[in-house]
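To start, the structure under review is shown below, and the notes come after it.
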Amino acid sequence: RDSSALGRIELHLSARLFALPSISDLLLAPSWPVTGPTRYDMLRHVGRSLSFAEGTTMRSYAELYGLQSDGGLARYRTEYALLRSAHPARDMARDVWPEAVRLAFDRESPQVASGITREVLDITPEQLGAGSYVLRLKVWDLIAGREVGRTQVTFTVR
375 RDSSALGRIE
385 LHLSARLFAL
395 PSISDLLLAP
405 SWPVTGPTRY
415 DMLRHVGRSL
425 SFAEGTTMRS
435 YAELYGLQSD
445 GGLARYRTEY
455 ALLRSAHPAR
465 DMARDVWPEA
475 VRLAFDRESP
485 QVASGITREV
495 LDITPEQLGA
505 GSYVLRLKVW
515 DLIAGREVGR
525 TQVTFTVR
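Start counting at 1 in the sequence shown, then tack on 374, and there's your number in the working numbering.
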């Protein structure tokens with residue numbers, strides 16, 4: 375073989391467009407003192423595993439894309455459901471969690487040029503004992519009157 379020759383490979387990809395509005399994956403990291411974290415900030419704090427020490431305040435983060443705005447404000451409703459689970463994979467597939475702890479908020483956020491709205495919630499340690507959990511976030515666009523979507527993640531408190 376002649377190692378002085380360089381090769382070139384071309385691949386053609388078709389990227390699938392996602393429908394708007396939509397929601398990103400849910401990120402979890404230990405909370406830190408900052409107001410209005412970005413996705414980049416969150417990715418710098420996300421650990422290698424989704425395992426947190428008992429007593430740690432956790433920050434959840436999702437990006438909402440394509441929300442309608444009225445007067446420069448996006449208005450949306452969030453519903454967080456937190457389920458302690460012995461079988462996280464099974465519970466992620468379930469549509470209804472009657473035994474989950476629920477937190478719901480109606481939010482207003484300035485619409486930015488990028489069309490991205492950041493949704494952040496800190497989960498305090500007194501709500502979480504040791505065990506496995508599933509956190510689900512559902513979002514509704516209140517101006518458009520439709521569901522944006524849902525995202526969920528499993529994690530462990532040790």
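Backbone N, C-alpha and C fix where the C-beta goes; we use that ideal spot for every residue, glycine too. Since the model is a prediction, treat every value here as computed from it, not as a measurement.
With distances taken from CA atoms, which of Leu385, Asp496, Leu441 and Ser506 is nearest Val513?
Leu441
Neighbour flag for Pro395 against chain D, beta carbons, 8 Å
The structure shown has no chain D; it contains just one protein chain.
N-terminal and C-terminal residue of the beta strand (DSSP E) that Arg510 is part of
Where Arg510 is concerned, the enclosing beta strand (DSSP E) stretches over Gly505 to Asp515.
Identify every run of the beta strand (DSSP E) within the stretch 414-481, keeping only runs that are complete inside it and at least 3 residues long; order them along the chain.
Counting only runs of 3 or more, we get 432-439 and 447-458.
Return the Cβ separation of Tyr507 and Thr528 in integer angstroms, given the expectation that the two are a contact with Cβ distance under 8 Å.
Cβ atoms of Tyr507 and Thr528 come within 8 Å of each other, at about 7 Å.
Grab me the residues of Ile517's own chain with a C-beta within less than 6 Å of its C-beta, minus the 5 sequence neighbours each way, in chain order.
Gln442, Asp444 and Arg449
Could you say which of Arg510, Arg422, Val531 and Ser459 lies nearest to Leu400 if we only look at CA atoms?
Arg510
Pick helix, strand or coil for Gln485, following the three-state DSSP scheme.
coil
Burial state of Tyr336 (16 or more Cβ within 10 Å)
This structure does not reach residue 336, given that the chain is present from 375 up to 532, and the question cannot be answered.
Using a Cβ-Cβ cut-off of 6 Å (strictly less than) and excluding sequence neighbours within five positions of Asp496, which residues of its own chain qualify?
Ser405, Thr431 and Arg433
My understanding is that Gln485 touches Gly446, with C-beta atoms under 8 Å, so please give their C-beta distance in whole angstroms.
Taking the Cβ atoms as the reference, Gln485 lies roughly 5 Å from Gly446, within the contact range of under 8 Å.
Measure from the alpha carbon of Ala474 to the alpha carbon of each residue in Ser459, Asp480, Leu394 and Arg532, then state which is nearest.
Ser459
By the three-class DSSP mapping on this structure, what secondary structure does Lys500 have?
A small fix is needed here, since residue 500 is Glu in this sequence, not Lys. Correct three-state label for Glu500: helix.
Give me whichever residues DSSP pairs with Ile397 in a beta bridge.
The partner list for Ile397 (beta bridge, DSSP) reads Leu438.
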